[in-house]
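Per the numbering used here, the very first residue in the sequence shown carries number 476; after that it's consecutive.
Each residue gets a CB set at the ideal place from its N, CA and C atoms; glycine is no exception.
Fair warning: this is a prediction, and the values are worked out from it, not measured in the lab.
Okay, structure first, notes after.
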Amino acid sequence: MCWKCGEKIDLSQGVYRNSVCPKCGADLHCCKGCKFYSPGSHFDCRESVEDLVKEKDRANFCEHFMAGKNSVSANEINSEKKANEKRAARSAFDALFS
């Protein structure tokens, strides 16, 4: 399913970096469309990725990508929001001492 609109996607041809949802046009080869996407984990990924992908909803070249559970639940959205708030608070705190 498309991570953004929920449209059923035929994965028999694979998901490539330029693959998009035929209904909404969302990039499919992105963090939010990957089975390893896990807000709150290191770099929001359950795989041991070395580089941060900032735009989780945009196509990327991640070699760990695997199409999977492609619908983002309300709990995952809230978890991602909390993780972003935590990072912002940490940055503000660190700025006080630099």
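**CA nearest to the CA of residue 497, picked from 511, 476 and 556** = Indexing the sequence shown from 1 puts residue 497 at position 22. With distances taken between Cα atoms, residue 497 lies closest to 476.
**Asked** On the three-state DSSP scale, how would you describe residue 506?
**Response** The sequence position of residue 506 within the sequence shown is 31, counting from 1. Note: residue 506 maps to helix in three-state DSSP.
**Prompt:** Quick one, which of 569, 522, 568 and 499 has its alpha-carbon nearest residue 532's?
**Reply:** Indexing the sequence shown from 1 puts residue 532 at position 57. Nearest neighbour of residue 532 by Cα position, chosen from 569, 522, 568 and 499, turns out to be 499.
**Message:** Rounded to whole angstroms, what is the Cα-Cα separation between residue 491 and residue 573?
**Reply:** Residue 491 sits at position 16 when you count from the first residue of the sequence shown. Residue 573 sits at position 98 when you count from the first residue of the sequence shown. So the alpha carbons of these two residues sit roughly 42 angstroms apart.
**Request:** Please work out which residues of its chain come closer than 6 angstroms, Cβ to Cβ, to residue 543, disregarding the five sequence neighbours upstream and downstream, and give them in chain order.
**Result:** Taking the sequence shown and counting its residues from 1, the one referred to as residue 543 is at position 68. 510, listed in sequence order.
**Message:** Which same chain residues end up closer than 6 angstroms to residue 479 when comparing Cβ atoms and leaving out the 5 residues on each side of it in sequence?
**Reply:** Here residue 479 refers to the residue found at position 4 of the sequence shown. Answer for residue 479: 499 and 501, listed in chain order.
**Message:** Given a cut-off of 8 angstroms on the beta-carbon distance, is the pair residue 494 and residue 504 in contact?
**Reply:** Here residue 494 corresponds to residue number 19 of the sequence shown, with the count starting at 1. Here residue 504 corresponds to residue number 29 of the sequence shown, with the count starting at 1. Cβ atoms of residue 494 and residue 504: closer than 8 angstroms.
**Asked** Is the CB-CB distance between residue 539 and residue 522 below 8 angstroms?
**Response** Residue numbering aside, residue 539 sits at position 64 when the sequence shown is read from its first letter. Residue numbering aside, residue 522 sits at position 47 when the sequence shown is read from its first letter. In contact: residue 539 and residue 522 (Cβ atoms closer than 8 angstroms).
**Message:** Helix, strand or coil for residue 534? Go by DSSP, reduced to three states.
**Reply:** Here residue 534 corresponds to residue number 59 of the sequence shown, with the count starting at 1. Reduced to three states, the DSSP call for residue 534 is coil.
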